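Here the structure comes first, spelled out in structure tokens, and everything after it is commentary.
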Amino acid sequence: MHEKKTRRLAAIMFTDIVGYTALMHGDEAVATTARARHRAVFRQQHELHHGEIVQYYGDGTLSVFQSAIEAAKCAVAIQRLLREGEPLPLRIGLHMGDILFDSTEVYGDGVNMASRIQSMGVAGAVLLSGKLNDELRNHGYLPTVSAGFFDLKNIAHPVEVFAIASDGLVVPSPHDLAGGRKSPDKTVAVLPFVNMSASAENEYFSDGITEEIINALAKVKSLKVTSRTSSFHFKGKNVPIKQIGRDLNVATILEGSVRLSGDTVRITAQLIQAEQDFHFWSETWDRKLSNIFEVQDEISLVIAEKLREQFGHFAIQEHLVEKQTDSIDAYGYFLKAQFHANKWNPADASAAIALYEKAVALDPGHTASYLGMAHCYGFLATSGAIPPEEGWAKGRHAAKEALRLDPRSADAHHLLAHQAFFEASNFGEAMRHARQALDLEPNHVEAHRFMCFLHSMAGHTELARPHMEEVLRLDPLSQSTLFHNAYFHYMAQDFDAALERLDRCLAENRMNFPAHYIKCNCLLMMGRCDEVIAYFGTMPAELVLPANRIGLTGLAHALSGRAEQAMKCFEELLPFTEGSAGYGAQYYVFLMRANMGEKDRAFEWVRYALDNSISVCNFADPLVNALKDDPRYAALQKEIYFVARPETAVKDGTESTDADASDLLAVRLLRHMSERKPYLDPALSLRSLADQLDVHPNQLSWSLQEAMGKNFNEFIDGYRAGAVAPPRR
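Per our numbering, the sequence shown starts with residue -5, numbered consecutively.
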């Protein structure tokens, strides 16, 4: 009679000894002793931590726990004990999930996940899934750090993997982990094109061409294109292509050069398979400067097609670069403005605005210059270089003008999302514009970053996570990504992971204003309140805002139970609520009331803020935890974070979904290959073959994938191999 299977939620542990098979071949007695030691420690610690041993298999084990915390503590203890004396190299993987259990075996997706995580590990480390990490995040004695997102076998979506960072444990880097960060095929990074002009001053032009190609390729919805920030991280650096591919997690690198001479331009480009450092395509264009937009479009389309031929079907629009302006002089001012704007400091932002204004004076319909102005005004407003009201008003005007000129501008919607949130405190309107940006341009990294921020701000971690994954894919090396990843973990109440990222942020840039203040919040939530009080003596003086300092110091006293000192800070803070720092001071007054037991007064302020258009968009902050069990909190949260139904996604209409049409085209294609033998032409491309069949290249690419399961190169190479095969005897 079969035992009845029961379903339950459990923490699952897999372990195995690294190099055990080789050890058995080398010295069987030593291997047997190692396995016996492993099992003895394993049994002892499972008894102490209430684990159930399900199975021993060779050099490995499978066990389950009712508590994620006990599973993690057990794993840490096992690793520490096995590192004493002669270290025993052990990998451990943990996951929290549903299992089917019949007392002798366990089944289910959770078991598969734990096994995959363990198999990618390194000796001396404890790896865990995001789900188990979520269970641990409020327990400071088990700090964890993220190793990144990984594609695991038989797991549908990328998985964020964490490592426990306790003393005595190995904390691997992403590149130490086996087989996880496999670069998806349809990924490309465009490295900064080299300025080969006689004048170094023309660097703005080569940078501009690079950025235009990045933006063009990003419009191809199924192609993942690394953002400008991460690609330009390698500018002027002699880093091997293989290393760049690993760092950016891309399969393909595009590099090139630009030579500007009078009214002519020469652009060269080449595609490189990153893992093998293999150059599989290159081309050179000599064109008149007056045709710059046509050549950008031509280059982008050719590159997209070569990637499709190499990696399989995705739809490509008819054009990827539109003519921006009839005025080459206006375009020149625009490129020079972009060169300044991308330096992200107030002086260069102001210089960029002046150049954008020169561009629109020559061409009032130049959308890209209005977008650039909106970006720069937003930066100047948030950095305090100009009065916020002035910066947001001018930025809003520029963004709306850009949207009027181009209603399908993803950048304009993204900028209006920022304006709605930061100026108008309208969460729903910000979300609406951010969604529209992504509908129009799914690879828009800034829109993904802002969507992650908005969902994190609302406390919706699971909604934020997919956007964070996209940001890490598209822009893995930028400081902005690092900060937003830290904020994501802070709002998920994973304070150790957040603090680790914030410290890296500040190591790169001590002037990162928000990173300092979110770090203070982290320290407060971790109970390290006295560090917050002392922290303002170590911050750059120009970043210390009096209201913020007083508010955070007061919170540190309140959370430490020092009511008298907290009240002194509270009284010192009140006068600031009426001045230019009014909002920040009011918010700290609210947080202090929430953490000093004055719930009614705290909720009264939220109601007052909502009725008077004062921002309370960070109402889900962990520092508001003291209010979250109150029924009033849930009602106010719905009011603050109300979002209308998302708009219908914009479709480009180029993708076919008719299986019969695919099969019919495949029949025509096979007949054509047999009768005409187009594969004998070494210059054959997907587009030229589509022209021969009188179909759109998108249709042909899709049919190859759907009906034959092959990309263009695989399909053609099969015919070519047969054409040169030796005759049978």
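For every residue, glycine included, the Cβ atom is placed at its ideal position computed from N, Cα and C. Values in this document were obtained by computation on a predicted structure and should not be read as measured data.
| Check | Outcome |
| --- | --- |
| Measuring CB to CB, does Glu303 end up less than 8 Å from Leu680? | yes |
| Of all the options Arg37, Ser123, Val182, Ser61, which has the alpha carbon lying nearest to the alpha carbon of Tyr724? | Nothing can be reported for residue 724: it is not among the residues displayed for the chain, which extend from -5 to 723. |
| Span of the beta strand (DSSP E) holding Gln60? | From DSSP, Gln60 is part of no beta strand (DSSP E); its letter is neither H nor E. |
| Can you name, in chain order, every residue of its own chain whose Cβ lies under 8 Å from the Cβ of Cys68, other than the five neighbours on each side? | Met7, Gln39, His40, Leu42, His43, Gly45, Phe59 |
| When burial is assigned at 16 or more other CB atoms within 10 Å of the CB, is Pro186 buried or exposed? | buried |
| Skipping 5 residues on each side, what residues in its chain have a beta carbon closer than 6 Å to that of Ala431? | Ala404, His407, His408, His438, Ala441 |
| Rounded to the nearest angstrom, what separates Leu136 and Ala458 at their Cα positions? | 24 Å |
| Determine the DSSP secondary structure at Lys306, reduced to helix, strand or coil. | A quick correction: the sequence has Gly, not Lys, at residue 306. Gly306: coil per DSSP, three-state reduction. |
| Can Ile266 and Ile286 be called in contact, C-beta distance under 8 Å? | no |
| Between the Cα of Phe564 and those of Ile544, Leu553, Arg556, spot the shortest distance and give me the residue it belongs to. | Ile544 |
| Would the beta-carbon of Met107 fall within 8 Å of that of Ile158? | no |
| Kindly give me the distance between the Cβ atoms of Ser224 and Leu471, rounded to whole angstroms, as I take these residues to be in contact under 8 Å. | 4 Å |
| Hey, could you find the ends of the alpha helix (DSSP H) Leu630 is sitting in? | 625 to 634 |
| Just the C-alpha distance for Ser650 and Leu500, rounded to the nearest angstrom, thanks. | A caution first: Ser650 carries a pLDDT of 43, below 50, which makes its placement in the model unreliable, though a value can still be read off. Approximately 48 Å, taken between the alpha carbons. |
| In the DSSP assignment, find the alpha helix (DSSP H) that holds Val600 and state where it starts and stops. | 593 to 605 |
| Between Thr547 and the rest of its own chain, which residues show a CB-CB distance below 6 Å, the 5 nearest in sequence each way excluded? | Ile527, Cys563 |
| Does Gly555 pass the burial test, meaning 16 or more other C-beta atoms within 10 Å, or should it be called exposed? | exposed |
| Three-state secondary structure (DSSP) at Leu683? | helix |
| For Gly422 and Gly453, what's the separation of their Cα atoms in angstroms? | 15 Å |
| Would you mind stating whether His307 and Leu687 have Cβ atoms separated by less than 8 Å? | no |
| Exposed or buried, Asn232, counting other C-beta atoms within 10 Å across all chains shown (16 or more means buried)? | exposed |
| How long is the line joining the alpha carbons of Val244 and Val182, rounded to whole angstroms? | 6 Å |
| Hey, would you say Ala614 sits closer than 8 Å to Met451, going by beta carbons? | yes |
| On the DSSP bridge assignment, give the partners of Arg253 in chain order. | Arg260 |
| For Leu448, is the classification buried or exposed, using 16 other Cβ atoms within 10 angstroms of its Cβ as the cut-off for buried? | buried |
| Between the Cα of Leu549 and those of Ala331, Thr532, Pro540, Ala588, spot the shortest distance and give me the residue it belongs to. | Ala588 |
| Where does Ala492 fall in DSSP's three states? | helix |
| Can you look up Ala139 in the DSSP assignment and give me helix, strand or coil? | Reading the sequence as shown, one finds Val at residue 139 and not Ala. Strand, per DSSP. |
| Cα separation between Tyr582 and Asp624? | 20 Å |
| For Gln237, report the span of its alpha helix (DSSP H) as first-last. | 235 to 242 |
| Are the CB atoms of Pro166 and Val116 within a distance shorter than 8 Å? | yes |
| So, is Asp524 buried or exposed, given that buried needs 16 or more other C-beta atoms within 10 angstroms? | exposed |
| Can you tell me whether Leu217 is helix, strand or coil according to DSSP? | coil |
| What do you reckon, are the CB atoms on Ala194 and Lys236 nearer than 8 Å? | no |
| On a Cα-Cα basis, can you pick out the residue from Ala348, Gly124, Glu502 that is closest to Glu456? | Gly124 |
| With H, G and I counted as helix, E and B as strand and the rest as coil, what does DSSP make of Leu3? | strand |
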